[in-house]
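**Q** After the structure tokens below, expect a handful of questions from me.
Protein chains: 4
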Amino acid sequence: MATTPSMPAAPRCAFASDNAAGAHPAILQAVVDANAGHALAYGDDAHTRECEARFRDLFGADVTTRLTFNGTGSNIVALGSMLGSLPGPHHAVVCTDWAHIHADETGAPERALGTKLIDLPSPDAKLTPERLRELSHLQGVQHHVQPGVVSLTQATELGTLYTPSEIAALCDTAHSMGMLVHLDGARIANATAALGGTPAALRSFTIDAGVDVVSFGGTKNGMVGAEAVVFLNAGTAVGSEYTRKQVTQLPSKMRFLAAQFNAALHDELWISLAAHANAMATELHRLTASITGVELGDKPQVNSLFPRLDPAMIEPLRDWCFFWDWDPTIGQVRWMTSWDTSPDDVQAFADGVATLARERSEPI
Amino acid sequence: MATTPSMPAAPRCAFASDNAAGAHPAILQAVVDANAGHALAYGDDAHTRECEARFRDLFGADVTTRLTFNGTGSNIVALGSMLGSLPGPHHAVVCTDWAHIHADETGAPERALGTKLIDLPSPDAKLTPERLRELSHLQGVQHHVQPGVVSLTQATELGTLYTPSEIAALCDTAHSMGMLVHLDGARIANATAALGGTPAALRSFTIDAGVDVVSFGGTKNGMVGAEAVVFLNAGTAVGSEYTRKQVTQLPSKMRFLAAQFNAALHDELWISLAAHANAMATELHRLTASITGVELGDKPQVNSLFPRLDPAMIEPLRDWCFFWDWDPTIGQVRWMTSWDTSPDDVQAFADGVATLARERSEPI
Amino acid sequence: MATTPSMPAAPRCAFASDNAAGAHPAILQAVVDANAGHALAYGDDAHTRECEARFRDLFGADVTTRLTFNGTGSNIVALGSMLGSLPGPHHAVVCTDWAHIHADETGAPERALGTKLIDLPSPDAKLTPERLRELSHLQGVQHHVQPGVVSLTQATELGTLYTPSEIAALCDTAHSMGMLVHLDGARIANATAALGGTPAALRSFTIDAGVDVVSFGGTKNGMVGAEAVVFLNAGTAVGSEYTRKQVTQLPSKMRFLAAQFNAALHDELWISLAAHANAMATELHRLTASITGVELGDKPQVNSLFPRLDPAMIEPLRDWCFFWDWDPTIGQVRWMTSWDTSPDDVQAFADGVATLARERSEPI
Amino acid sequence: MATTPSMPAAPRCAFASDNAAGAHPAILQAVVDANAGHALAYGDDAHTRECEARFRDLFGADVTTRLTFNGTGSNIVALGSMLGSLPGPHHAVVCTDWAHIHADETGAPERALGTKLIDLPSPDAKLTPERLRELSHLQGVQHHVQPGVVSLTQATELGTLYTPSEIAALCDTAHSMGMLVHLDGARIANATAALGGTPAALRSFTIDAGVDVVSFGGTKNGMVGAEAVVFLNAGTAVGSEYTRKQVTQLPSKMRFLAAQFNAALHDELWISLAAHANAMATELHRLTASITGVELGDKPQVNSLFPRLDPAMIEPLRDWCFFWDWDPTIGQVRWMTSWDTSPDDVQAFADGVATLARERSEPI
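Residue numbers (the numbering used here), protein chains in the order written: chain R, 1019 to 1382; chain U, 1019 to 1382; chain G, 1019 to 1382; chain V, 1019 to 1382.
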């Protein structure tokens, strides 16, 4: 459908996804700067050693860090090492039915690890200790996979957040049932920004809460492409270097990934980029919440909105400035901001929504 | 090709394989007797409990026994539990290039366990401590699978035997390198019979030698169909009940498998059946070793001969009394005896070989 | 808890499961009779050839039959071959959340095949074409596993039945979406008995309805232990002999499994055994439906009842005559009849239930 | 050990590996240039579309290209799709015992694909049609994995090359046996440069020779990090987008990988970089071949030398300028050149070798 002629100029950046954004200049420059002479491959280089030290500083502990290429890879390295630390091949991974590992990774855990996922329905993409405890009926029965790892996502796939105490309670319950806790932090920066915006805030919902392993996302937060698996529980890291290679996630010229994290972790750039993305989503919420034909819930916790739109608005709006459907059966879409979304982009987009909404509501 | 008319009457039992033989009457009767009323499935029955006790008695230790359907299944349950007791999914299984798990199980370990096999060439189907030590160059290098389990076969696929001290030395080396030791005992009864013919003989090359887990064969030794995985090392048994179910080897009406072992383990029937099979192979060797056109090596250690025959003899002999090729490129075949091979069968077969050899060597 | 003293004599056979029953005498006798002399292993024997012919006769088509040890194995061989006939390793198996492959096989499909299961919630353990069609949003999106096989269970894990036309509609929908259809027939005999009690009835909901592959159960219906994978769609059978071996389900002395099916398929014994079990469940329903403290639904379709009991009755009743819990949170249990349940057993059990119910309801 | 004081200045670039080199400036600049505004993730961007078109032009056919992160990932995507195009899960991959997929990928194929590798011993890391034909004894026997894919490496792990006609003969044999052919081209650029240095040369040993799928390497040839799986046989590409995601190799911000290939494929930069690396190896051979204590074979075919050194020279030389051991038991090392090795580096290194050799040979 052609764009409605009366629409204002489209925003410079669309609201499709934070991985549609490019790299922050300082991070890209770090890649360029890392291209000096030779450096041994596979992590035996100064950039990687610096990166490992930076993660130890960040978490304030002797954590083990394995860099990987992408989020799915990061999750598989994390889960593979965690399951490998439990006896037998019969443990399952517990998650919500919204979990990226369950819904959006084309069955990677089942393929690469042979593990079953136990997906628990959750309207807000969060787990609770009660739901975990209900799994106790599986324990000790040879006909059932045994719950071995709980995988939480923070921020969740629905843009919700666990409080640090909620994660601590989940970790307590999981550990008391003999399970380990993985945190899929593809958007851990947005969560950190929302929960205090400091390394201490990060630690409050990870290492201090009892999380065993974190998939620490970078790509969606202004990197060219890099993720880190951070093993907070030393026992789960044993053999993780082999697991990473075995599941195809060992980077050859690793300095180029490490350099990205080194730039991002410098001066807490990673937090400020995410804080900006979060703020832009809040601003977008403020500017569009009262528009007729736009049904928005509460103020966003991180960098995504899931509005329900007047169905007639969706295609013209998308043609003008791209975004993805979320649940087409109810007219729900996703608007996502990123580190490079500008206030002008937000204003321009809100203006477009308002323009379209006005036209829709006018008599023909 | 038609059988040569002048051949004597063929033996009642051919020399194809010990799994072409049926079940011993006492073992079959035990199956019949077990069919009394209801018994809970999946091992929660009196026959299975008796069987587990019998294996504890046999090995003189608090071993854990898991009954399975067949040899491949037994090996997969054993290897799956053993690998599962090591950290990570990156350990490999070391074996010879003759190993059944490598050559004759259609890639079952790779499929069911995702593990790599490291097959070491071996002319006699035996491993040595030296060969194991050569694998140390793989250890600690992230680009290589890490040797995790050594799988020995006793008696080997070539009918050879390890002495107890050879197995003890292999176990010492393997353990010193951080590996566990599996013994594929599809023909463990023949090995036991050959090495002393007593439970003490069995123990000398298994639990006393340091073996961690045994696949204890039954089917080839007069059973209808049953195998047992016996975990001598308690740490490797953790979770093995789940592993067995997961790899499809949990028998439903388990009493019918347990009853077979209970009959076989009663009064050392299992040893006497194997001793008989071994003796028949020795007798066949004695009667055929000097026949022109038959090239036999040393006296067999267990129940198989691997003669090289005058190529012109092979098809007529096979048509008359079936056996399998071993290495067709050199005219090598396999003659195998079983618990029910009779001295008359052996004599008849030797007569046939001799008849055919005479005809071949006569001028036309 | 001790049995209440006033209880009548317990039934000879409990109501735990049809796999707690033994083997029918004719089937056991067939095993005994098959123990005559030597027969080549792995299916190259006369009993297996007869069995394959019997299945061709039963389905009235040139179907391919692969015998296996147990139900999980049967399902894995079926699903492995079906998935293997589709391009790529990225197809998933669709089933209900009650499906045995999902809930009761310890993650075997994920482990052995690396496939994901898409489990759809279903209160009656049945799928519908509508539910299948909802999966079309996954199709063509690289981030999602692609639905490749639909697995139905007939009779279902809840004792419900699909009509032939329901299965035909599911097959039509599945095929139109590019999916294949598997039927888990662990209790296919009970379904056949309930839907007409003839081979034609069997064909009406399998080959005539468009099902591609059937796991044809035997063990729960009076066998010692044997299942059959019957490939009705020739394309799905390609390579299934290798798949069977690879997933550890190739029986060595296959004649002993084939003989069981040959006896069961003779004179439709398999149908009459299941019809009897079904009738016993109906009778048990009739005798207990009006007892106070027993909440039963409609007349059973096959051989299981899922009553909700006065919680105080459960343990005394179970102590007296064993059965399994179904949903302890609501006091639901399962009573299951089998080929050897007698009218006297049913009467005795109903008497016991009534006795206990009376005592519970009397004032103390 | 300290460097011998009399050594000349060390080369600017060591001879460790071509993946110790950085990125070519034009390729790095392309990454920087690609960082303009938003672009949809996962390949739905202009850079990726250009890249796909460039590969179609390069191979002169409607090939399907899937970009991946690294060589192991590229091989797994290729093999996974190829195996997925064959019926059943029971096919194996045939390769030499030097093959990277066998020796240096930590068991990735077995883990991610559940497939067995059949590794054939080969002194020169090359396969022959004769060796393939010997595998025919496995075909059609249910106890053996079935050879499904042949994986060749060009240039090989030993720096040797197949001629186009050798590859054509292998493809003919493989196809006649029902197998597909994969070419691991981690160093396909070096092979192309050595075999003519034109796109036609590339085509002569790939698409024209009958190869089905190519892992087209980039990282070792001056890229930051990018590889491409190029499906020359359309049937093998079906579903490859899902397979890529499932095995964790779908890049998020794919434009940054595509841009690298677009720069490399522009004006045949990829060939000239590899030609330079090859020439530097030849020059290093020329300058060191006659040095006492250095045992070199024939002139190198691509960019690696495998000299045997006087053992006393190895550590001092390595301390001065790093390189890797190859076979320490015979004093063999590997010297590898890269796109950025300069004639001065080669001369400096040769001077160092000569200096050290002289000192070793002088009387103390």
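Beta carbons are placed, not taken as given, at the ideal position from N, Cα and C, and that holds for glycine.
Could you pull out every unbroken alpha helix (DSSP H) segment of at least 4 residues lying fully inside the region 1186 to 1234 of chain R, listed in chain order?
**A** 1206 to 1212 and 1217 to 1222
**Q** Touching or not, the region 1266 to 1280 of chain G and the region 1264 to 1279 of chain U, by the rule of three or more beta carbon pairs under 8 Å?
**A** yes
**Q** Looking only at DSSP bridge pairs, what is residue 1353 of chain V linked to?
**A** V:1323
**Q** Our contact map puts residue 1354 of chain G next to residue 1034 of chain G with C-beta atoms below 8 Å; I'd like the distance itself, whole angstroms only.
**A** 7 Å
**Q** Rounded to a whole number of angstroms, what is the C-alpha to C-alpha distance between residue 1326 of chain U and residue 1146 of chain V?
**A** 29 Å
**Q** Using the Cβ count rule (16 or more neighbours within 10 Å means buried), how would you classify residue 1144 of chain R?
**A** Counting C-beta atoms within 10 angstroms of its own C-beta, residue 1144 of chain R has 16 or more neighbours from the protein chains shown and is therefore classed as buried.
**Q** Quick one, are the C-beta atoms of residue 1112 of chain V and residue 1169 of chain V less than 9 Å apart?
**A** yes
**Q** What first and last residue would you give for the alpha helix (DSSP H) that runs through residue 1378 of chain G?
**A** From DSSP, the alpha helix (DSSP H) with residue 1378 of chain G extends over 1361 to 1379.
**Q** Going by the CB atoms, is the gap between residue 1076 of chain U and residue 1061 of chain U shorter than 9 Å?
**A** no
**Q** With a CB to CB cut of under 6 Å and the five nearest residues on each side skipped, what residues in its chain are close to residue 1222 of chain V?
**A** 1182
**Q** So with CB distances below 9 Å, who are the chain U contacts of residue 1133 of chain V?
**A** 1125, 1128 and 1129
**Q** At the level of alpha carbons, what is the spacing between residue 1098 of chain V and residue 1107 of chain G?
**A** When the Cα atoms are used, residue 1098 of chain V and residue 1107 of chain G turn out to be separated by approximately 7 Å.
**Q** Excluding sequence positions up to five away, which residues of its chain have a Cβ less than 6 Å from the Cβ of residue 1344 of chain V?
**A** 1324, 1350, 1351 and 1352
**Q** Using a beta-carbon distance below 9 Å, is residue 1108 of chain G in contact with chain V?
**A** yes
**Q** Quick one: complete beta strand (DSSP E) runs, 3+ long, within the region 1085 to 1114 of chain V?
**A** Fully enclosed beta strand (DSSP E) runs of 3 or longer: 1109 to 1114.
**Q** For residue 1261 of chain V, tell me which candidate among G:1174, G:1164 and G:1177 has the shortest Cα-Cα distance.
**A** The residue with the shortest Cα to Cα distance from residue 1261 of chain V is G:1164.
**Q** What does the alpha-carbon distance come out to for the pair residue 1161 of chain R and residue 1118 of chain G?
**A** 10 Å
**Q** Taking Cβ positions only, does residue 1036 of chain U come closer than 9 Å to chain V?
**A** no
**Q** By a C-beta neighbour count over all protein chains shown, 10 Å radius and 16 as the cutoff for buried, is residue 1361 of chain G buried or exposed?
**A** exposed
**Q** Of the choices V:1273, V:1367, V:1067 and V:1078, whose alpha-carbon is the least far from that of residue 1407 of chain V?
**A** The displayed coordinates of chain V run from 1019 to 1382. Any statement about residue 1407 of chain V would go beyond what the structure contains.
**Q** Quick check: is the beta carbon of residue 1161 of chain V nearer than 9 Å to any beta carbon in chain U?
**A** Output row for residue 1161 of chain V: interface = yes.
**Q** Below 7 Å on C-beta distance, what does residue 1097 of chain U contact in chain R?
**A** Ordered by position in chain R, no residue passes the 7 Å Cβ test against residue 1097 of chain U, which lies about 10 Å from the chain.
**Q** With distance defined between alpha-carbon atoms, name the residue in R:1254, R:1315 and R:1235 nearest to residue 1288 of chain R.
**A** The option with the nearest alpha carbon to residue 1288 of chain R is R:1235.
**Q** Which runs of the alpha helix (DSSP H), 4 residues or longer, sit entirely within the region 1261 to 1293 of chain R?
**A** DSSP runs (the alpha helix (DSSP H)) wholly in the region 1261 to 1293 of chain R: 1273 to 1283.
**Q** If the cut is a Cβ gap below 8 Å, which residues of chain C does residue 1122 of chain R touch?
**A** In the structure shown, chain C does not exist; the protein chains are R, U, G and V.
**Q** Within 10 Å of its beta-carbon, does residue 1348 of chain V have 16 or more other beta-carbons around it, so buried, or fewer, so exposed?
**A** By the neighbour-count rule (16 or more Cβ atoms within 10 Å), residue 1348 of chain V is not buried but exposed.
**Q** For the structure I just gave you, are there three or more beta carbon pairs, one from the region 1314 to 1322 of chain G and one from the region 1290 to 1306 of chain G, closer than 8 Å?
**A** yes
**Q** Which chain G residues are close to residue 1267 of chain V, counting only those with a beta carbon under 8 Å from its beta carbon?
**A** What residue 1267 of chain V touches in chain G: nothing, since even the nearest Cβ is about 11 Å away.
**Q** Please determine whether the Cβ atom of residue 1273 of chain G lies at a distance below 8 Å from any heavy atom of the ligand HEM.
**A** Among the ligands in the structure shown, none appear at all, so the ligand HEM cannot be discussed.
**Q** Are the Cβ atoms of residue 1357 of chain R and residue 1276 of chain R separated by less than 9 Å?
**A** no
**Q** Since residue 1250 of chain U contacts residue 1038 of chain G with CB under 8 Å, what's their CB separation in whole angstroms?
**A** Contact doesn't hold; Cβ gap of about 32 Å is too wide.
**Q** Assign residue 1133 of chain G to one of three DSSP states: helix, strand, or coil.
**A** coil
**Q** Does DSSP classify residue 1253 of chain U as helix, strand or coil?
**A** helix
**Q** Specify the secondary structure class of residue 1337 of chain R as computed by DSSP and reduced to three states.
**A** helix
**Q** Is it right to say residue 1157 of chain U is buried, meaning 16 or more other beta carbons lie within 10 angstroms of its own, or is it exposed?
**A** exposed
**Q** Taking C-alpha atoms, which residue in R:1172, R:1365 and R:1050 lies nearest to residue 1224 of chain R?
**A** R:1172
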